[in-house]
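In the numbering used here, the protein residues as written are 533 to 1207.
All residues carry an ideal CB built from backbone N, CA and C; glycine is no exception.
All values reported here derive from a predicted model rather than from experimental measurement.
Down below is the structure, laid out as structure tokens.
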């Protein structure tokens, strides 16, 4: 009986994942297949290193991927090293990750597989109670599996368990059930390989039951399926050569039983020829080499027997197998006895007896275990635990009822007591109610007074702003004329530029106080926004140069819109002034103009950013008055409030994204046509 690695371990995949998850799973599946190729040719460490290198490149492995890794180690790598304790540790880790009762069907199926495999490992080391407990847990979970293909795989595992116990009738029934359930599964190679093995196993069980006709019938079915597979999966040459080798080895065993040793040797030799050189380290190949040693020894071909013995022992150095080694020692002892070298024969026989003693004792213990009785015992334990748990729940329920009754009594007592003292407290409550009503009346009067004072302050601020508006425009005109007259004196130009910047800030403060409603006399005009922004960038270059900053404008050409040019220019100037103020020296400031469904303007700086707690009220008046620029520049808190009012007057939107210490982005969205 040979095992198809991919057919079993493929159960750990996740077929209904999203594309990215499916790619990650496929990556691990491919890595597992390549790792098994390494192991089949004896490069066990290379298999581990390759799989680990792929797994280490999976970012943040999820539960399924962790399970796949434990399955690779528990059912693959440590199996090749015959390290049962590490196999069990990894398989138990799968049970920890999935939980005892997973809702996901894929995790449930993987849990059942890990329980079966852990049971096999416990069985091999003689921990029969633990083995049957694992088998029982798997068998208990199997009815919850709805997918017939998964159920078929689990039936196959139960068949293998019964076969090892010598319960051939039950094993045959499970194998046949598995073959029927997997009839309509995926039309791929792993499913084909499993069905091929099932037919061979059914034939073997019929042979053990002395039903040679049925055994021959299923061998014939297996041969037909084999021929179909060679045509359907021609790329799996190595696998089909192994199957041919197994068929020939089975035929050789039949010839040996009929006494035709020469014919058996011929078929066994042909069986070995079908295995490529890399398969010299494959476990089935070692079994075939041991069989060739035995056949040639029986036939008296001692030189050939020794040649096959040496070939076998060389493979056992790289791929240890204690069971085959013990049998090889016995064969070598027979060969030396036939050659007359009795001392050496006796030495090897003693070594065989010593190593085989513990195996015989373990095998005898396993043989006398009643498989069905063990399952019944576990079922009784489960029922007892359920009854015990139910009894505990009943006791807990009575305790809860008693506590609840006590609480009802206490609450009733407190309620009656509160009624008795409520009369005395009623007068006090009425007095407090009247006092609160009087205090509320006083607070309402104070609130009305504050609203009136606030309105007067707003009116006063608007009056002052209107009074300052005319002189501010006059000062701006004077500065502009002086700049024209002093165009040849750099020092004078620098002073005038500073005066122009101070005038612009003052004018923005005045316009912020007045709001767009006070400036509604400016008409909307079809304006080239690219040129408007370039003019604002040019006006702000002097302030940026003082901090060794650079301004970069990236704009789509030919974008025009109906806007109030003066108001929108002041908005852009305000945003650029803030970007310069809150950016460090030598940093860049970027301005973007884009056209999508609407017109979008973005001002981006890479300065100190805005704290999250300030973003919620950043557009309120004096919201930013306590913040200073990177060179100690003062803030008055009116600029962004003015910008918001202007943009909303244009039926647009303005918002801010900021990452403290990294960057700030201010976005303006304007409609293509202003209604």
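A direct Cα-Cα distance of roughly 14 Å separates residue 856 from residue 613.
Beta-bridge partners of residue 1093 (DSSP): 1059. Between residue 1123 and residue 1178, the C-beta spacing is not below 8 Å. Judged by DSSP in its simplified three-state form, residue 1122 adopts strand. Straight-line spacing of the CA atoms in residue 884 and residue 692 works out to 28 Å. Look at residue 744 here: in three-state DSSP terms it is helix. In summary, residue 878 is exposed, with fewer than 16 beta-carbon neighbours lying within 10 Å of its beta-carbon over all protein chains present. Rounded to the nearest whole angstrom, the CA to CA distance from residue 1165 to residue 1080 is 16 Å.
Inter-residue distance for residue 724 and residue 771 is about 12 Å (C-alpha atoms, whole angstroms). Relative to residue 701, the option among 737, 1022, 672 whose CA is nearest is 737. Annotation: the continuous beta strand (DSSP E) that includes residue 1086 extends over 1082-1087. When DSSP states are grouped into helix, strand and coil, residue 793 belongs to the helix group. DSSP lists no beta-bridge partner residue for residue 625. Bounds of any alpha helix (DSSP H) do not take in residue 1133; it lies within the beta strand (DSSP E) bounded by 1131-1137. Between the alpha carbons of residue 666 and residue 797 lies a gap of roughly 41 Å. Contact annotation: residue 714 and residue 684 have beta-carbon atoms nearer than 8 Å.
DSSP lists 1199 as the beta-bridge partner residues of residue 1187. Inter-residue distance for residue 1120 and residue 1126 is about 20 Å (C-alpha atoms, whole angstroms).
Beta-bridge annotation (DSSP): residue 1127 is paired with 1131.
The stretch 582-594 makes no contact with the stretch 830-841; the number of CB pairs closer than 8 Å stays below 3.
Residue 1136 is positioned such that its CB atom lies closer than 8 Å to that of residue 1197. Contact check between the stretch 1139-1149 and the stretch 1084-1095: fewer than three CB pairs, one atom from each, fall below 8 Å, which does not count as touching. Taken atom to atom, the span from the alpha-carbon of residue 794 to that of residue 866 is near 19 Å.
At a Cβ-Cβ threshold of 8 Å, residue 623 and residue 579 do not count as neighbours.
In terms of Cβ geometry, residue 828 and residue 807 do not form a close pair [threshold 8 Å].
Burial state of residue 1186 is buried, judged by a 10 Å Cβ sphere holding 16 or more other Cβ atoms. In this structure, the beta-carbon distance from residue 609 to residue 566 does not fall below 8 Å. Excluding its 5 nearest sequence neighbours in each direction, residue 601 has C-beta neighbours in its own chain below 7 Å: 587, listed in chain order. Excluding the 5 residues flanking it on each side, residue 758 has same chain C-beta neighbours closer than 7 Å at 728, 775, in chain order.
Look at residue 659 here: in three-state DSSP terms it is coil, with no helix or strand label. The alpha-carbon of residue 1141 is positioned some 15 Å away from that of residue 1117.
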